[in-house]
Ligand code: BG6
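In our numbering, the protein residues as written are 113 to 620.
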């Protein structure tokens with residue numbers, strides 16, 4: 113079996129310090145992922161995990177909470193549960209305020225107590241905290257002597273993993289970058305977009321560049337347009353306050369959708385090194401045609417859900433959610449038509465859409481090929497062009513739609529589908545995104561993390577759209593009932609070019 117990570121650096125003994133240790137992400141994702149890696153023997157032979165948070169807790173009580181998190185959210189296999197104690201001896205809890213220097217001095221002392229020099233010197237700092245505290249945390253780490261801009265060849269290493277949101281616009285992202293860079297080199301900074309940890313998102317590149325069949329056709333001559341859909345069947349839940357500040361454009365498009373787009377559209381990298389891959393991804397973002405306010409009005413649609421029913425369950429409207437303004441114009445849905453002005457993609461629309469409270473949870477990329485010439489069968493009214501769908505989640509797989517003759521004495525043609533399913537091919541277990549991301553951070557491979565210029569370019573695109581919206585209120589065609597596929601304005605967007613959205617189908 114050819115392995116792309118054949119060159120992966122070995123993992124060295126290290127300590128992972130999780131800031132925000134009593135938060136939801138730690139119990140739901142980080143510790144279950146670390147435990148799973150431990151059970152699969154992918155963590156270094158010697159490691160420690162230190163949870164840092166403000167609440168008063170003992171090592172023992174934190175471990176008990178984390179065990180409950182693993183039982184509730186982890187994906188355990190036979191025999192895993194029995195290994196908890198063996199894993200948990202490596203966990204400890206450090207109580208401290210994120211803004212208090214003494215807490216970091218205390219952390220340094222705790223690390224000093226580790227018997228093994230690698231556990232003292234090789235450090236991953238995972239910032240699973242409010243973004244308003246990122247800067248303060250790295251400043252304090254630096255003051256305590258735990259984080260420094262590392263020279264090539266110096267003993268030990270320190271890495272900072274930064275959760276999203278990375279800034280709220282270009283200016284704040286630049287400021288945060290400038291701040292981080294004071295205490296760490298770019299190669300020590302690992303900006304998370306958890307979509308890059310998803311198997312199916314990683315597979316986009318493998319699929320394109322390891323098969324002769326599709327890459328030959330992957331350009332404007334044969335592809336008519338591309339649709340990227342990330343639909344969610346949940347509303348904003350208890351995150352009304354956050355969402356009022358963020359909105360879907362910043363919460364989903366700036367990161368996840370633009371990342372998928374850059375993987376679908378990138379040129380082949382010169383190697384599989386992190387920098388080579390990220391160079392190509394950032395070029396795609398830089399080639400996205402800038403949108404004037406008039407373009408935004410024509411090419412970008414906002415939406416907001418009102419009350420409706422999703423999967424038989426009634427949902428309140430966004431404006432009725434706790435901590436949401438009753439006249440809010442914040443978007444819970446975005447659809448956009450973008451153009452990539454480069455040789456390969458000139459003139460090919462890339463349609464992106466994402467929203468909350470849509471009929472089902474599904475993410476997919478649909479590559480719509482051009483129709484065959486209008487001779488022979490193309491005259492049949494319902495002859496459909498080929499389409500390739502990369503189903504990213506759930507029911508992960510790839511579908512190819514082509515036309516076939518219906519058996520019988522007539523010349524009837526109808527579309528048929530060829531299907532590859534992950535479950536059927538590889539078994540049911542697809543690793544959680546955070547398992548892969550944590551492993552890469554420990555190994556020091558930044559391929560699946562966002563580089564400084566990438567995050568800034570993505571903000572530039574998003575800021576342009578926001579400027580176009582300015583303070584205009586949502587129009588009637590931009591509201592949608594929860595449980596529908598979004599506002600009418602999104603249908604109009606594709607209709608302009610004679611296209612139609614293809615809605616993801618429920619998992620089979
Ligand atoms: C997060 C967003 O980044 O991604 C959430 O903040 C969203 O609003 C989530 O629900 C979706 O992730 P996934 O992995 O469930 O598709």
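Cβ coordinates follow ideal geometry from the N, Cα and C atoms, glycine included.
Predicted model only: the values in this text are computed from it and were never measured.
- DSSP places residue 359 in the helix class (H, G or I) of the three-state scheme.
- When rounded, the separation of the alpha-carbon atoms in residue 231 and residue 278 is 28 Å.
- Around the beta carbon of residue 469, 16 or more other beta carbons lie within 10 angstroms, which makes this residue buried.
- The closest heavy atom of the ligand BG6 lies 7 Å or more from the beta carbon of residue 136.
- The alpha-carbon of residue 563 is positioned some 45 Å away from that of residue 494.
- Exclusion of the five residues before and after residue 151 leaves 192, 195 as the residues of its chain whose Cβ lies within less than 6 Å of its Cβ.
- By the beta-carbon neighbour count (other beta carbons within 10 angstroms, threshold 16), residue 475 is buried.
- Following the DSSP letters along the chain, one finds residue 149 in no beta strand (DSSP E) but inside the alpha helix (DSSP H) bounded by residues 143-151.
- Set against 7 Å, the gap from the CB of residue 169 to the closest heavy atom of the ligand BG6 is not smaller.
- When the five nearest sequence neighbours on each side are left out, the beta carbons in the same chain lying within less than 7 Å of the beta carbon of residue 569 are those of 394, 397, 398, in order along the chain.
- According to DSSP, residue pairing for residue 127 in a beta bridge involves 160, 235.
- Straight-line spacing of the CA atoms in residue 574 and residue 618 works out to 30 Å.
- Here DSSP, grouped into helix, strand and coil, assigns residue 270 to strand.
- At a Cβ-Cβ threshold of 8 Å, residue 236 and residue 202 do not count as neighbours.
- With a 10 Å radius around the Cβ and a threshold of 16 neighbouring Cβ atoms, residue 318 comes out exposed.
- Taking non-hydrogen atoms of the ligand BG6 into account, the C-beta of residue 224 is found less than 7 Å away from none of them.
- In chain order, 422, 423, 469, 470, 471, 472, 473 place their CB closer than 8 Å to the CB of residue 345, counting only its own chain and leaving out the 5 sequence neighbours on each side.
- The straight-line gap separating the alpha-carbon atoms of residue 187 and residue 561 is approximately 24 Å.
- Between the beta-carbon of residue 415 and that of residue 590 there is about 5 Å, and that keeps the pair under the 8 Å contact cut.
- Taking the C-beta atoms as reference points, residue 550 is found no nearer than 8 Å to residue 282.
- Under the three-state reduction of DSSP, residue 169 is assigned to coil, being neither helix nor strand.
- DSSP places residue 393 in no beta strand (DSSP E) but in the uninterrupted alpha helix (DSSP H) bounded by 386-399.
- Taken in chain order, the whole alpha helix (DSSP H) runs of length 4 or more contained in the stretch 488-551 are 534-538.
- Contact check for residue 497 against residue 483 passes: the beta carbons are separated by less than 8 Å.
- Assignment of residue 586 by DSSP, reduced to helix, strand and coil, places it in the coil class.
- The closest CA to that of residue 354, considering only 386, 155, 242, 534, is found on 242.
- Relative to the ligand BG6, the nearest heavy atom lies less than 7 Å away from the CB of residue 306.
- Beta-bridge partners assigned by DSSP to residue 337: 480.
- A residue is called buried when at least 16 other Cβ atoms come within 10 angstroms of its Cβ; residue 455 does not meet this threshold and is exposed.
- In the DSSP annotation of this structure, the continuous segment of the alpha helix (DSSP H) that includes residue 406 starts and ends at 405-411.
- Within the same chain, and ignoring the five residues on either side of residue 592 in sequence, the residues whose Cβ sits closer than 7 Å to its Cβ are 415, 417, 445, 598, 599.
- With a cutoff of 8 Å on beta-carbon distance, residue 558 and residue 302 are scored as near each other.
- Judged by the Cβ position, residue 363 qualifies as a neighbour of the ligand BG6 at the 7 Å threshold, a heavy atom of the ligand being closer than this.
- Going by beta carbons, residue 477 and residue 512 fall outside the 8 Å limit.
- Scanning the stretch 177-249 for uninterrupted alpha helix (DSSP H) segments of 4 residues or longer gives 196-200, 213-224, 229-233, listed from N- to C-terminal end.
- Between the ligand BG6 and residue 276, a heavy atom-to-CB distance of less than 7 Å is present.
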